[in-house]
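Under the working numbering, the first residue of the sequence shown is numbered 61, with each subsequent residue one higher. Every residue gets a Cβ at the ideal spot worked out from N, C-alpha and C, and that includes glycine. As the structure is a prediction and not an experimental result, all values here were calculated from the model. See below for the structure under consideration.
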Amino acid sequence: MFVAGVILFYPPENFAKGGMTMGCIKEDTPRKMRGLKCRECGTYYPLEALHVCELCFGPLEVDYDYDYLRTIVSRQSIESGPPNLWRYKDLLPVEGENLVNLGTGFTPLIKAERLGNRLGLRNLFIKNERLVAR
Numbered sequence: 061m062f063v064a065g066v067i068l069f070y071p072p073e074n075f076a077k078g079g080m081t082m083g084c085i086k087e088d089t090p091r092k093m094r095g096l097k098c099r100e101c102g103t104y105y106p107l108e109a110l111h112v113c114e115l116c117f118g119p120l121e122v123d124y125d126y127d128y129l130r131t132i133v134s135r136q137s138i139e140s141g142p143p144n145l146w147r148y149k150d151l152l153p154v155e156g157e158n159l160v161n162l163g164t165g166f167t168p169l170i171k172a173e174r175l176g177n178r179l180g181l182r183n184l185f186i187k188n189e190r191l192v193a194r
């Protein structure tokens, strides 16, 4: 599985100061994530609130330290997590226990064979977001 991008959590005190910062970055985040890398040209950036390469406008992806992640995350730890995004919390640069859960995740992914055939696609899947896992 690959998780792309950076999730930002802005503590209320940052809003009161009139600005939003990367206050969510955990102390061990630099060990988990080396930085951001452009998928198109390979340019590296430090971990910051940035999602597009300044040189080629390509998307930025997180460059993970997989050797370190193997020491803190396992298939079992993910499988035993809650049935939502937060089962991947150890892979994300967020901290604290007061994380928002809107009940998203684990909605069915359905193969649309007939529609796929009509469109000339062998593997077309539709995500049914109307069914929310609780």
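task: List the DSSP bridge partners of Gly95.
output: Asp123
- request: Following the continuous beta strand (DSSP E) through Leu169, name the residue where it begins and the one where it ends.
  value: Leu169 to Lys171
Collapsed DSSP secondary structure at Phe62 in the structure displayed: Residue placement at Phe62 is poorly supported in this model, since its pLDDT is 37, which falls under 50; the coordinates still yield a value, given next. DSSP places Phe62 in coil when its eight states are reduced to three.
message: For Cys98 and Tyr104, I'd like the C-alpha separation in whole angstroms.
response: 7 Å
- request: Ignoring anything shorter than 4 residues or poking outside the stretch 130-186, list the alpha helix (DSSP H) runs there in chain order.
  value: 135-139 and 173-179
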